[in-house]
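Quick note: the sequence shown uses my numbering, first residue 3, plus one each step.
Just so you know, even glycine gets a beta-carbon here, dropped at the ideal spot from N, CA and C.
On a predicted model such as this, the values are computed, not experimentally measured, just so you know.
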Amino acid sequence: MFVKQVKHIGSVGRFRSCAAEGDVTFKKYTVIFGENGRGKTTLCSILRSLQTDNPDIVIGRKTLGSSSEPNIVLTLGSGTALFKDGQWNSAPTYLRIFDAQYVADNIYFGDAIGTNQRRNLCNLILGQDGVTLAAEYHNLDTAITEKNGEIGEAKRVLTTHVPANQVDQFIELDEDPQIDAKIEAKRKEVEGLKDIDNLRSQALLQKVEFPPLPARLKDILSKTLEEVSRDAEATVKQHLKAHGMEGNESWLSTGMMHHHNNECPWCGQDTKGLSLIEAYQSYFNDTYTTFRRELTQYQGLPGTHYSDDRIELMLNRLQSNTNAAEVWKRYVAFDMPTLPDVDLGALLRAFREQMIDLLHKKAAAPLEALPLSEEYSSAYEAASQLNDAVTAYNAAVDAANQAINTFKRSASPAKLQSATNELKWHELTEKRYEKTVAQACDRYKKLTAEKQELERKKQAARDKLDAYSSDVCDKYTKAINRYLKRFNAGFHLDSVRVEYSGRVANSTFCVVINDTSVEMGSSDTPLSEPSFKNTLSAGDRSTLALAFFLAEIEADTDKADCIVVFDDPFNSQDHFRRTCTATEIKRCGETVSQVVVMSHDRSFLRDLWDLPLPTADRKPLWLIPFGHKDTVIAEWSIETDTESEDAANRRVLLSFYHHHKGQPRDVIQKLRPVLETHMQRMAPQLLGGVKGLGNMLGKVRDANSPPVLVEAYADIDDINTYTRRYMHGEGRNPDSEPVHATELEGMVAKVLEIAGALAELT
């Protein structure tokens, strides 16, 4: 990459319509002289705009009062770069520019180092690879910030249901198909806990006593009593029939239990030998009597166990349980004891009547087997099912009472608070899986997972950047300190590192002066504390900035293709640093494609020129005024424009001596100054401060020293005498005194010989 020529600059700063004057082709080393205000800063801005492809830099420097828009034509090694219609026609050019803007952007502004300088310097230290890593880290950090914004928006939807610190817990709630029942149960519990004092006197549920089922009825009905004589049975039945007493065997049986001593218990007559009485005795024997007693007892059971009072008591207890359960169910979760939806009273009464009817029939014919009727069997089945239902009902009563007692025992303010909290989370569980809320939760989880992945990548990028920056900072520190040592700076840098105190990486370092570390500080650092702004002089700060720039170029792996521009790199520095600056610029040029040095200091540019720079690779240019308001770029006679008075005088004498060039009277005026300067160099102690060639001759004559001047005394005196004719105040008519060429040539030869200058010009 190479800048070949500035062909034209129009309407940019001092350059109203700048066109090339003469041969203004740039070389590998190009020095440009320009007094302050002649356009060096503008030219740097043009190159910086080209470097960054930022047209605003040029547009902002439009010539004030000009009606034309900025237009620029630069010839580059890769072609022509045009700035027209507010933009460049070429891609960014690989330039590195050291000027006041570079220092203000990257090193310090005013007398302090600010946040922007710390960040920009960090980029310079890290280099392109490091900047890429830092950009990756910054982009991930920015993405996380943006993601946090999205998460915040999603979270705001959820915080309408739960506090912000419970959002994560809310999202992780599992869906529960039984949640409605749990909410209802917990609501009841909470209500009960609130009203526990009143509930402590509330009755529990009671078990229901179901009457026993007739387990032996079938056996009783089927008994036949084989021991009873059939003849006796027929006689008894015939007798009962004859007297219209069929079915009254029990009456007879009762009477037989009171028959003693052959005396009738009814009429008192003697019954001995009566066949009827014998039949009674046979029929109503002990087995019969026992059976009749059992049958009689069994006949009483239906009326006892299945009485209307007991049925009514059972029905009342069921109703009481229903009432109590309705109260407790409002506060305690339990399964409601229930029975089949039947007319329990009617069922039991019907079953009772069927039992009574069968037993009555059996009592009428106790010796006959009586089968169970279909009506009884049906009623028994219904009663049996009801009995099973009552057993389950009572188990439910026990479970309900256990739940109620547990609730009563656990009731306390703490329990109320706990139950209230559980109810809240049950209700939140239900809310969590409402469609719109579930969608918000899914979005929040998705965004949170994406953020976690970004944070993982950010940490990985940070680790890579830390490792890279640690190595680079170490190398950069060594390079800067090497340059500072070359500049003979009285300080060096330490602890150059990359920090992440903000979201963007920035740099920090400390200056070590007299073995004492001084932190960078900032513009706000009190003057009572040592910092960058009050421990380094303007020259030190300028030297540090240049060291940073040179270290940056040195670390650039692509510097061989780079154009490096210096604008007034020597500023507020002593003569030693001035020489070192020129030397380092030359060294820099040996490793880059091209070096352009601009300065308002002719002498500095001449020092650089005389290092020497390679003759074929150097070019001097200058920015000169054109008219009242314009500046043009032209060739610069650097050697002529920057030579000393003595050198200029010698050049005039040599040109006349060798080439007969120059005005004779002007040549005569150079003879005495050349001799005076030479004599002072030969005898500085004797002649230092002595004015006038005649006075110097007197000093040499009186001191008879130094020998070299004593030897040339006569020739010097001749020259003094000759030149006095052409000096105002000494000659009779200096302006009209004739000049003889041969005589002048002889005098010039004597001066050059005395001064040892005859070999200086060929």
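Name, in chain order, the residues that DSSP records as bridge partners for residue i.
i: G765; result: For residue 765 there is no data in the structure shown, the boundaries of the chain being 3 and 764.
i: W90; result: F85
i: C20; result: I11
i: L495; result: V513
i: Y31; result: V597, R620
i: T633; result: P627
i: S519; result: V514
i: G36; result: L625
i: A114; result: F111
i: E501; result: N508
Let's test the definition: count the other Cβ atoms within 10 Å of the Cβ of residue i and tell me whether it reaches 16, buried, or not, exposed.
i: E739; result: exposed
i: H362; result: exposed
i: F551; result: buried
i: Y285; result: Residue confidence is low: Y285 scores 47 on pLDDT, short of 50, so the model does not pin down where it sits. No coordinate-derived value is stated.
i: P339; result: buried
i: K752; result: buried
i: G302; result: exposed
i: H742; result: exposed
i: K672; result: buried
i: H428; result: buried
i: C20; result: buried
i: K188; result: buried
i: S13; result: buried
i: Q387; result: exposed
i: K29; result: buried
i: H680; result: buried
i: I756; result: buried
i: S379; result: exposed
i: T744; result: exposed
i: S544; result: buried
i: P94; result: exposed
i: Q299; result: exposed
Roughly how many angstroms lie between the CA atoms of residue i and residue j, to the nearest whole one?
i: L195; j: Y435; result: 28 Å
i: K42; j: P622; result: 14 Å
i: P216; j: A367; result: 20 Å
i: K460; j: N141; result: 9 Å
i: T54; j: K588; result: 25 Å
i: T393; j: Q419; result: 37 Å
i: S309; j: T408; result: 37 Å
i: T144; j: F606; result: 47 Å
i: S375; j: E314; result: 27 Å
i: F493; j: E521; result: 13 Å
i: S509; j: D465; result: 17 Å
i: D221; j: R294; result: 14 Å
i: G690; j: M698; result: 9 Å
i: F336; j: Q356; result: 38 Å
i: D609; j: G151; result: 60 Å
i: A451; j: R458; result: 11 Å
i: Q441; j: E138; result: 32 Å
i: A405; j: S203; result: 16 Å
i: S68; j: H660; result: 52 Å
i: T292; j: A398; result: 43 Å
i: L538; j: F572; result: 16 Å
i: T306; j: A326; result: 29 Å
i: S646; j: P616; result: 23 Å
Assuming residue i and residue j are in contact, meaning their beta carbons sit under 8 Å apart, how far apart are those beta carbons, in whole angstroms?
i: V210; j: R319; result: 5 Å
i: N73; j: K64; result: Contact flag wrong, Cβ pair sits at about 11 Å.
i: L467; j: L52; result: So it is not a contact: roughly 30 Å between Cβ atoms.
i: I185; j: L425; result: 7 Å
i: L223; j: K364; result: 5 Å
i: G116; j: S524; result: 6 Å
i: K331; j: K190; result: 7 Å
i: I721; j: M749; result: 6 Å
i: V105; j: A547; result: 5 Å
i: I565; j: L45; result: No, I565 and L45 are not in contact; Cβ-Cβ is about 13 Å, not under 8 Å.
i: L346; j: L317; result: 6 Å
i: V567; j: I99; result: 4 Å
Three CB pairs or more closer than 8 Å across the stretch 117-128 and the stretch 472-484: Because the criterion of three Cβ pairs below 8 Å is met, the stretch 117-128 and the stretch 472-484 touch.
Validate contact between the stretch 580-593 and the stretch 556-568 using beta carbons, cut 8 Å, 3 pairs: In short, these stretches touch, since the Cβ pair count reaches three.
The stretch 640-658 touching the stretch 715-729, judged by at least three CB pairs closer than 8 Å: No, because fewer than three Cβ pairs between the stretch 640-658 and the stretch 715-729 fall closer than 8 Å, the two stretches do not touch.
The stretch 80-94 / the stretch 577-584 touching (three or more Cβ pairs under 8 Å): The count of Cβ pairs closer than 8 Å, one atom from the stretch 80-94 and one from the stretch 577-584, stays below three, leaving the stretches out of contact.
Three or more C-beta pairs below 8 Å linking the stretch 162-176 and the stretch 441-456: The stretch 162-176 is in contact with the stretch 441-456.
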